[in-house]
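Protein chains in written order, with the numbering used here: chain A, 1 to 170; chain B, 1001 to 1170. Have a look at the structure below before the remarks.
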DNA sequence: GTTAGTTGATTGAGTACTCAACCAGTACCA
DNA sequence: TGGTACTGGTTGAGTACTCAATCAACTAAC
């Protein structure tokens, strides 16, 4: 892997990469800060709550939840423990597999999510969506899809990332 | 700020936002993992080393370094302390301002950076650049610039983010 | 020159994440 | 039936980050 010569980045590529890096730091810094300041929810936790809220029954097996929220098992386990302390999630034994655990969003958790959502969405608009043209939003979606799955050109009928669902809209 | 109705994201906007989120997690996860696995350097530390390596004299005041690497003062202070333990950075008193500290990249630090750079660049290609068309790389640069500075359409002669410089190429 | 305010940087406590090690239960197969 | 391997999930140690508090030194005003 180190045998061949390194293909360094061109000036343009490097500029793109660095700008992207800075943009992500700026963006996620702002997103995280808003959620933490206004709702005392780290962004990672918010993601977990959203995934649960979108599931029929508002409950998911730990492993599925980990996948859905792009999280390691370990991380999810820690996170759900914290969310349980807050009373936002409840863990119960899985009826079909005695190893399994089911994480379920409580009413308090749903309420917390519903309360946090407007501010969060506003921040996503401020920091990202409203700064881009509609064309750029499309471009960003395609670029993201390419990054995630290795260059799929986004065929019309296939969802590239995940389901839709209205992110905690009450 | 909560007076007006929430402008929820449209389906397309939401898809873009979520895909972007997933893409960033995937991307930075891979970048970080490679650097840590092959060179035992967290990406944040790598950034610091790169900034220093690009500065004439390979030294910067702490505050400037914090700005350049998009880091808080506190974070930088902790990070430089760790880097100093590894012998990669040296802290000296600033001659003109006795409050100040100057962080200087040591030869060992430069060597570590030079050793890590090829693998890192290869990973950036694998995970990002080579998955995009040249047009998409340009689009990504413009989108990033818009995120960072509120919608600058990137006039030809102006660098939107930072200097060029060849990221630790020996 | 002494006070007030600001800036440069560090420190410590608290939180979230990672990795590796670890059980407990399930599945496969002899 | 009794291994062996795998899966689901948790735990604990270690690391990196955040925030708030702190200290030291510079600047400006009177």
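Don't be surprised by glycine CBs; every beta carbon is placed ideally from N, CA and C.
For chain B, find out if any of its Cβ atoms is closer than 8 Å to the Cβ of residue 116 of chain A; answer yes or no.
Working through the first chain from its first residue, we reach residue 116 of chain A at position 116. False, the Cβ-Cβ gap to chain B never drops below 8 Å.
Do the segment 131-151 of chain A and the segment 1014-1023 of chain B touch if we need at least three Cβ pairs shorter than 8 Å?
Counting C-beta pairs closer than 8 Å gives three or more between the segment 131-151 of chain A and the segment 1014-1023 of chain B, which meets the contact rule.
Residues that residue 1033 of chain B contacts on chain A, provided the C-beta gap is smaller than 7 Å
Against the second chain, residue 1033 of chain B aligns to sequence position 33. When 7 Å is used as the limit between beta carbons, residue 1033 of chain B is near no residue of chain A, the shortest such separation being about 12 Å.
Partner residues on chain A for residue 1136 of chain B, Cβ-Cβ distance less than 8 Å:
For the purposes of this step, residue 1136 of chain B is taken as the residue at position 136 of the second chain. Those within 8 Å of residue 1136 of chain B in chain A are 139, 142, 143 and 146.
Beta-carbon neighbours of residue 88 of chain A, restricted to chain B and to distances below 8 Å
As a first step, residue 88 of chain A is located in the first chain; it is residue number 88 there, counting from the start. Under the 8 Å cutoff, chain B gives no residues; its nearest Cβ is about 21 Å from residue 88 of chain A.
What do you reckon, are the CB atoms on residue 1052 of chain B and residue 1042 of chain B nearer than 8 Å?
By 1-based counting over the second chain, the position of residue 1052 of chain B is 52. By 1-based counting over the second chain, the position of residue 1042 of chain B is 42. Their beta carbons are not under 8 Å apart, which means residue 1052 of chain B does not touch residue 1042 of chain B by this criterion.
Using a beta-carbon distance below 8 Å, is residue 110 of chain A in contact with chain B?
Here the question's residue 110 of chain A lines up with position 110 in the first chain. Not one chain B Cβ lies under 8 Å of residue 110 of chain A.
Residue closest to residue 5 of chain A, alpha-carbon to alpha-carbon, out of B/1137, B/1077, B/1122 and B/1049
Within the first chain, the letter at position 5 stands for residue 5 of chain A. Here the closest residue by C-alpha is B/1122.
Complete runs of the beta strand (DSSP E) confined to the segment 1091-1146 of chain B [at least 3 residues]
As far as the segment 1091-1146 of chain B is concerned, its whole beta strand (DSSP E) runs of at least 3 residues are 1101-1105.
Where does residue 1009 of chain B fall in DSSP's three states?
Here residue 1009 of chain B refers to the residue found at position 9 of the second chain. Here DSSP, grouped into helix, strand and coil, assigns residue 1009 of chain B to coil.
I'd like the list of long-range same chain contacts for residue 80 of chain A, defined as Cβ closer than 6 Å, with 5 residues on each side in sequence excluded.
Position 80 of the first chain, counted from the start, is the residue given in the question as residue 80 of chain A. Result list for residue 80 of chain A: 89 and 103, in chain order.
Expressed to the nearest angstrom, what Euclidean distance is found between the alpha-carbon atoms of residue 1070 of chain B and residue 1149 of chain B?
Start at 1 with the first residue of the second chain, and residue 1070 of chain B comes out as number 70. Start at 1 with the first residue of the second chain, and residue 1149 of chain B comes out as number 149. Roughly 14 Å separates the two Cα atoms.
Check whether the segment 1125-1142 of chain B and the segment 109-128 of chain A touch, using three or more Cβ-Cβ pairs below 8 Å as the test.
No, because fewer than three Cβ pairs between the segment 1125-1142 of chain B and the segment 109-128 of chain A fall closer than 8 Å, the two stretches do not touch.
Classify residue 59 of chain A as helix, strand or coil using the three-state DSSP reduction.
For the purposes of this step, residue 59 of chain A is taken as the residue at position 59 of the first chain. In this structure, residue 59 of chain A counts as strand in the three-state DSSP scheme.
3 or more residues per run - each beta strand (DSSP E) lying fully within the segment 12-84 of chain A
Complete beta strand (DSSP E) runs here, min 3: 59-61.
Run through the DSSP bridge pairs and tell me what residue 89 of chain A is partnered with.
Here residue 89 of chain A refers to the residue found at position 89 of the first chain. Looking at the DSSP output, residue 89 of chain A bridges to A/105.
Taking 8 Å as the limit between beta carbons, can you name the residues of its chain near residue 1072 of chain B, skipping five residues before and five after?
To locate residue 1072 of chain B, count along the second chain from 1; it is residue 72. Cβ neighbours of residue 1072 of chain B beyond the five flanking positions: 1066.
Distance check for residue 63 of chain A and residue 26 of chain A, CA to CA, integer angstroms please.
Residue mapping note: residue 26 of chain A aligns to position 26 of the first chain, counting from 1. Residue mapping note: residue 63 of chain A aligns to position 63 of the first chain, counting from 1. One C-alpha to the other measures close to 31 Å.
I want to see whether chain A comes within less than 8 Å of residue 1009 of chain B, judged by CB atoms only; does it?
In the second chain, residue 1009 of chain B corresponds to position 9, counting from 1. Interface residue, yes.
When the Cα atoms are used, what is the spatial distance from residue 1132 of chain B to residue 1038 of chain B?
The residue labelled residue 1132 of chain B in the question sits at position 132 within the second chain. The residue labelled residue 1038 of chain B in the question sits at position 38 within the second chain. Taking the straight line from one Cα to the other gives about 25 Å.
Given residue 1031 of chain B, which residues of its chain have a CB within under 8 Å of its CB, disregarding the five upstream and five downstream residues?
Within the second chain, residue 1031 of chain B is the residue found at index 31, counting from 1. Exclusion of the five residues before and after residue 1031 of chain B leaves 1043, 1120, 1123, 1124 and 1127 as the residues of its chain whose Cβ lies within less than 8 Å of its Cβ.
Please identify the residue among A/10, A/24 and A/107 whose C-alpha is closest to the C-alpha of residue 83 of chain A.
Counting from one through the first chain, the residue named residue 83 of chain A turns up at place 83. Here the closest residue by C-alpha is A/107.
With distances taken between CB atoms, is the gap from residue 1013 of chain B to residue 137 of chain A smaller than 8 Å?
Within the second chain, residue 1013 of chain B is the residue found at index 13, counting from 1. Within the first chain, residue 137 of chain A is the residue found at index 137, counting from 1. Residue 1013 of chain B places its beta carbon less than 8 Å from that of residue 137 of chain A.
When every heavy atom of the ligand ADP is checked, does at least one fall within less than 7 Å of the C-beta of residue 1133 of chain B?
Looking at this structure, you won't find the ligand ADP or any other ligand, since it has none at all.
Alpha carbon of residue 1139 of chain B to alpha carbon of residue 10 of chain A, nearest angstrom
The residue given as residue 1139 of chain B occupies position 139 in the second chain. The residue given as residue 10 of chain A occupies position 10 in the first chain. Computed Cα separation, rounded: 16 Å.
So is residue 19 of chain A in contact with chain B if we call contact Cβ pairs under 8 Å?
Position 19 of the first chain, counted from the start, is the residue given in the question as residue 19 of chain A. So, interface residue.
Given that residue 1129 of chain B touches chain A, what residues does it touch there, using C-beta distances under 8 Å?
Position 129 of the second chain holds residue 1129 of chain B. Neighbours of residue 1129 of chain B on chain A, chain order: 9, 13, 16 and 17.
If the criterion is Cβ atoms closer than 8 Å, does the pair residue 101 of chain A and residue 91 of chain A meet it?
Residue numbering aside, residue 101 of chain A sits at position 101 when the first chain is read from its first letter. Residue numbering aside, residue 91 of chain A sits at position 91 when the first chain is read from its first letter. The answer is yes: Cβ separation under 8 Å.
Closer than 8 Å, Cβ to any Cβ of chain A: which residues of the segment 1048-1079 of chain B, in chain order?
Going along the segment 1048-1079 of chain B in chain order, one finds 1070 with a Cβ nearer than 8 Å to chain A.
I need the straight-line Cα distance from residue 135 of chain A to residue 1147 of chain B, nearest angstrom please.
For the purposes of this step, residue 135 of chain A is taken as residue 135 along the first chain, with counting starting at 1. For the purposes of this step, residue 1147 of chain B is taken as residue 147 along the second chain, with counting starting at 1. C-alpha separation (whole angstroms): 15 Å.
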